[in-house]
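Asks:
2 protein chains.
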Amino acid sequence: MFCKRFQKFNILSVPSTKKIVKLRTVAEKAGVSIATVSRVINAHPDVKANTRLAVQNAIRVTGYRPNRVAQRLRSTTKSRKLIGLLIPDIENPFYVDIIRGIEDVAYQHGSAVVIGNFSQDQKREKMYIDLLKSEFVDGFIVAPTSSNDKYVEELIKEGWAVVCIDRGLTKTDADTVKSDNETGAYRATEHLIKLGHKRIAFISGDPSIQTTLERIQGYKTAMKKYGIEISPELIKGIHSDFASGKEITAELLALPQRPTAIFTGNNLLTLGCLETLHQQKISIPSDIALVGFDDMYWANSLNPALTAVRQQGKEIGKSAIKLLYERIEDIDKVTVNYNIKTELIVRKSCGFE
Amino acid sequence: MFCKRFQKFNILSVPSTKKIVKLRTVAEKAGVSIATVSRVINAHPDVKANTRLAVQNAIRVTGYRPNRVAQRLRSTTKSRKLIGLLIPDIENPFYVDIIRGIEDVAYQHGSAVVIGNFSQDQKREKMYIDLLKSEFVDGFIVAPTSSNDKYVEELIKEGWAVVCIDRGLTKTDADTVKSDNETGAYRATEHLIKLGHKRIAFISGDPSIQTTLERIQGYKTAMKKYGIEISPELIKGIHSDFASGKEITAELLALPQRPTAIFTGNNLLTLGCLETLHQQKISIPSDIALVGFDDMYWANSLNPALTAVRQQGKEIGKSAIKLLYERIEDIDKVTVNYNIKTELIVRKSCGFE
DNA sequence: CTGAAAGCGCTTACAG
DNA sequence: CTGAAAGCGCTTACAG
Chain A
0 MFCKRFQKFN ILSVPSTKKI VKLRTVAEKA GVSIATVSRV INAHPDVKAN
50 TRLAVQNAIR VTGYRPNRVA QRLRSTTKSR KLIGLLIPDI ENPFYVDIIR
100 GIEDVAYQHG SAVVIGNFSQ DQKREKMYID LLKSEFVDGF IVAPTSSNDK
150 YVEELIKEGW AVVCIDRGLT KTDADTVKSD NETGAYRATE HLIKLGHKRI
200 AFISGDPSIQ TTLERIQGYK TAMKKYGIEI SPELIKGIHS DFASGKEITA
250 ELLALPQRPT AIFTGNNLLT LGCLETLHQQ KISIPSDIAL VGFDDMYWAN
300 SLNPALTAVR QQGKEIGKSA IKLLYERIED IDKVTVNYNI KTELIVRKSC
350 GFE
Chain B
0 MFCKRFQKFN ILSVPSTKKI VKLRTVAEKA GVSIATVSRV INAHPDVKAN
50 TRLAVQNAIR VTGYRPNRVA QRLRSTTKSR KLIGLLIPDI ENPFYVDIIR
100 GIEDVAYQHG SAVVIGNFSQ DQKREKMYID LLKSEFVDGF IVAPTSSNDK
150 YVEELIKEGW AVVCIDRGLT KTDADTVKSD NETGAYRATE HLIKLGHKRI
200 AFISGDPSIQ TTLERIQGYK TAMKKYGIEI SPELIKGIHS DFASGKEITA
250 ELLALPQRPT AIFTGNNLLT LGCLETLHQQ KISIPSDIAL VGFDDMYWAN
300 SLNPALTAVR QQGKEIGKSA IKLLYERIED IDKVTVNYNI KTELIVRKSC
350 GFE
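See the structure below:
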């Protein structure tokens, strides 16, 4: 058979079919049954040391690798090292940080991660949930679309191992790992207040998301604490994306009485805000001070460098997958809530204290 | 049985085991054999219309979803809609763009994507390749670590469907989708030259990567074309990351004869460069002009907005997965090479023409 | 057009 | 401690 694909490599070579070393091959090599080989692979204790050695040797010699698909189909009880990850918006680098943390731990455990990005679209979310169920993942890490995301609730009720990230669920108990949004927003607002600002705008992001509400709460608490009146016109949120940041900043600048400081609710909003500010030649921090939620990798390359609330995205990811492993191990254990602490990184976009 | 997990929801509820509607359930409901149900699911033509309707109805009523694991184990010939994705560095947002393109098309096709981020680490790459093989993915999309990445070559030789992204393979024929790096670099350099610059530095990134070499080539071609002498001290590359960008910029600035313009080889290098520039209070573009390879989402939020070579990351991803589907369909078809065009986006970091 | 049966590569009681 | 056998949920020749 002639194979175009390998012309460059060797004109006579034939496409080898995918190599298939099975349990049977190893068993024959080692002179035992496939059951015994299976036991060695699964570290079953009741195998004689000599037998184990012989099998391990046969595995090495044959280059055997278990077929994970067959393993997954056969065994219902144990974890088969496939994790489903449901991300609301892969364009938001905050989630990429989380993915990195998850992937890091998954790699240590030999788990594979199947990713589904649903772009805040419920239909798409549902499709991915169904798909991941059909793939019989061990469990799900998911950022629910809302705090009463019915698909995620259903998943939990059906008995799947689920860990929520970034956002929790109100009606159903679930392990949750998120940032301490309220404190983070509080600190950022307080920082601005201490610098003498009173007209502080908050570009909040999508107000239907719990995270947004918590950040608004933090902002308000700080304002109240320092006895500053809260003007509703200064708290604005539509979506949590770049375009909204841009647009709302323009609205804010057009206000009869301009804010002297802006606090943006996430990294995309910050970038949108910056674009408008630069376009209108507003200088930071002399004309307007700026703090952003999310301390991204580019924050220090901005001019001026951005003062920002750092969320430990990678840490959130790591905690989430560790919790998921525990949940897989014991589906009925008490649920926990992790509030990963945030940190205000003071740089130059608010001026100097 | 008491279940802590559902306390909040309903103190009496019991964890339902995962719902299992199988072929058998549907078959009984429809009064046919499981073989017939299977045929309907797989859109086999030889099913009587009435039967098909009855089965489809039973599927709907029972809420049946095929077990993809069993499907994958059983059927060797057809695509089972699981794609393996091997990414060298998920921290580089360029790859995130690619992932988005891939995910977009995968979603349309009902494919799941298993992701492996190997952080430029060959051992990790190997582990993920083995893992994805064991999962019997339909095919791989991979950015090889180098142009003679032996693991990827092996994969192809073994008969797996593989599409390379961002970087090609020299010794083995493979479908490849990448940016037209040389032209992109050429245009950026030419832009600087036309603005009157002669001492143009190029912070190239990791010189062991093919992509880097192509960009260096583009830079050199432009310099020669316009009769400008190439000073080796102005072409520097270590790694393709933030730290290198920062470091090399500092070296460049310390040169007896400073460059008047810098061209950075990727988005991470650009950010590193910017940090050093801002720290040293070098003003852009009046002290130094800057062009970056990669036009990221933050480019327009910089001050000044960055002139950059846009790579169509999302487009690369889309083309790659489409090619992969074709390759899965026909493993022996002639390989193709796509050079996705780049575009110079002129903004303000080089001054005005 | 449809069904009975074999089998994908494993795991896991069960028996010895 | 080990093996023979059943079976996970499907697909696919084969026979009718």
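Protein sequence lines, in the order shown, are assigned to chains A and B. Quick note: the first sequence uses numbering that gives the first Met the number 0, first residue 0, plus one each step. Quick note: the second sequence uses numbering that gives the first Met the number 0, first residue 0, plus one each step. Virtual Cβ for every residue (Gly too), placed ideally from N, Cα, C.
#1: For residue 325 of chain B, which option in B/39, B/156, B/122 and B/175 has the closest C-alpha, if you only look at C-alpha atoms?
#2: With H, G and I counted as helix, E and B as strand and the rest as coil, what does DSSP make of residue 262 of chain A?
#3: Helix or strand or just coil, what does DSSP make of residue 336 of chain B?
#4: Answer with buried or exposed for residue 137 of chain B, where buried requires no fewer than 16 other C-beta atoms within 10 angstroms of its C-beta.
#5: Using a Cβ-Cβ cutoff of 8 Å, what residues of the stretch 102–118 of chain A are near chain B? List them in chain order.
#6: Looking at the C-beta of residue 218 of chain A, does it have a partner C-beta in chain B at a distance below 8 Å?
#7: I need the straight-line Cα distance from residue 297 of chain A to residue 252 of chain A, nearest angstrom please.
#8: When you compare only the Cα positions, how much space is there between residue 260 of chain B and residue 314 of chain A?
#9: Give me the subset of the stretch 42–69 of chain A whose CB atoms are less than 7 Å from a CB atom of chain B, sorted by chain position.
#10: Counting only runs of 4+ residues fully inside the stretch 247–295 of chain A, write out the alpha helix (DSSP H) ranges in chain order.
#11: Kindly indicate which residue of A/195, A/292 and A/194 has the alpha-carbon position closest to the one of residue 214 of chain A.
#12: If I measure Cβ to Cβ from residue 80 of chain B and keep anything under 6 Å in the same chain, skipping five residues before and after, which residues do I get?
#13: Report yes or no: is there a C-beta of chain B within less than 8 Å of the C-beta of residue 123 of chain A?
#14: Output yes or no for whether 8 Å exceeds the beta carbon distance between residue 119 of chain A and residue 167 of chain A.
#15: Using a cut-off of 7 Å between C-beta atoms, extract the partners of residue 146 of chain B located in chain A.
#16: Taking beta-carbon pairs under 7 Å, can you tell me which members of the stretch 168–185 of chain A lie near chain B?
#17: Does the CB of residue 99 of chain A have a neighbour CB from chain B at under 8 Å?
#18: Between residue 311 of chain A and the rest of its own chain, which residues show a CB-CB distance below 6 Å, the 5 nearest in sequence each way excluded?
#19: On the DSSP letters alone, give me the boundaries of the alpha helix (DSSP H) that residue 161 of chain A sits inside.
#20: Kindly list, in the order they appear in chain A, the residues whose Cβ is closer than 9 Å to that of residue 164 of chain B.
#21: Can you find the residues in the same chain that come closer than 7 Å, C-beta to C-beta, to residue 57 of chain A, ignoring five residues on each side of it along the sequence?
#22: Express the C-alpha separation of residue 125 of chain A and residue 141 of chain A in angstroms, rounding to a whole number.
#23: With 8 Å as the threshold, decide whether the Cβ of residue 14 of chain B is near any Cβ in chain A.
#24: Short of 8 Å in beta carbon distance, which residues of its chain neighbour residue 159 of chain A, apart from the five on each side in sequence? Order them along the chain.
#25: Look up residue 116 of chain A in the DSSP assignment and give the residues it is bridged to.
#26: Please state if the CB of residue 150 of chain B and the CB of residue 114 of chain B are separated by a distance shorter than 8 Å.
#27: Sort A/280, A/284, A/279 and A/278 by Cα distance to residue 430 of chain A and report the nearest one.
#28: Name the residues in the stretch 291–302 of chain B whose C-beta lies less than 9 Å from a C-beta of chain A; which are they?
#29: Just how far apart, CA to CA, sit residue 46 of chain A and residue 38 of chain A?
#30: Would residue 1 of chain A be called buried (16 or more neighbouring beta carbons within 10 Å of its own) or exposed?
#31: Can you list the residues of chain B that residue 274 of chain A reaches, using a CB-CB cut of under 7 Å?
#32: Thinking just about the alpha-carbon of each residue, which of A/197, A/170, A/205 and A/100 is nearest to the one in residue 265 of chain A?
#33: If you measure beta-carbon to beta-carbon, which residues of the stretch 77–97 of chain B are closer than 7 Å to chain A?
#34: Under DSSP, the alpha helix (DSSP H) around residue 133 of chain B begins and ends at which residues?
#35: For the alpha helix (DSSP H) containing residue 342 of chain A, name the first residue and the last one.
#36: Taking Cβ-Cβ distances shorter than 8 Å, what residues in chain B pair up with residue 137 of chain A?
Replies: Quick look at the numbers:
#1: B/175
#2: Strand, per DSSP.
#3: strand
#4: buried
#5: Here the close residues are 102, 106, 109, 111, 112, 113, 114, 115 and 116.
#6: No, no contact with chain B.
#7: Rounded to whole angstroms, residue 297 of chain A to residue 252 of chain A spans 25 Å at the Cα level.
#8: 39 Å
#9: 64, 65, 66, 67, 68 and 69
#10: 266–278
#11: A/292
#12: Annotation for residue 80 of chain B: 109 and 110 place their beta carbon closer than 6 Å to its own, counting only its chain and skipping 5 residues before and after.
#13: yes
#14: no
#15: Residues of chain A with a Cβ closer than 7 Å to the Cβ of residue 146 of chain B do not exist, since the nearest Cβ in that chain sits about 13 Å away.
#16: 170, 171 and 172
#17: yes
#18: 339
#19: Run containing residue 161 of chain A: none in the alpha helix (DSSP H); it sits in the beta strand (DSSP E), 160–164.
#20: Those within 9 Å of residue 164 of chain B in chain A number zero; the least Cβ separation is about 16 Å.
#21: 25, 28 and 29
#22: 12 Å
#23: Confidence at residue 14 of chain B is low in this model, with a pLDDT of 45, below 50, so the placement of that residue should be treated as unreliable; the coordinate-derived value is given next. It does; some Cβ of chain A falls within 8 Å.
#24: 132, 138 and 139
#25: A/86
#26: Remark: C-beta atoms of residue 114 of chain B and residue 150 of chain B do not approach each other more closely than 8 Å.
#27: Lying before the first or after the last residue shown, residue 430 of chain A is absent from chain A, which here runs from 0 to 352.
#28: 295, 296, 297, 299, 300, 301 and 302
#29: Taking the straight line from one Cα to the other gives about 7 Å.
#30: Unreliable placement is indicated for residue 1 of chain A, whose pLDDT of 32 sits below 50; the coordinate value is still reported in the next sentence. Burial call: exposed.
#31: Within chain B, the C-beta atoms nearer than 7 Å to that of residue 274 of chain A come from 299 and 300, in chain order.
#32: A/205
#33: 89, 90, 92 and 95
#34: 121–133
#35: Careful: residue 342 of chain A lies outside any alpha helix (DSSP H), inside the beta strand (DSSP E) at 342–344.
#36: Those within 8 Å of residue 137 of chain A in chain B number zero; the least Cβ separation is about 12 Å.
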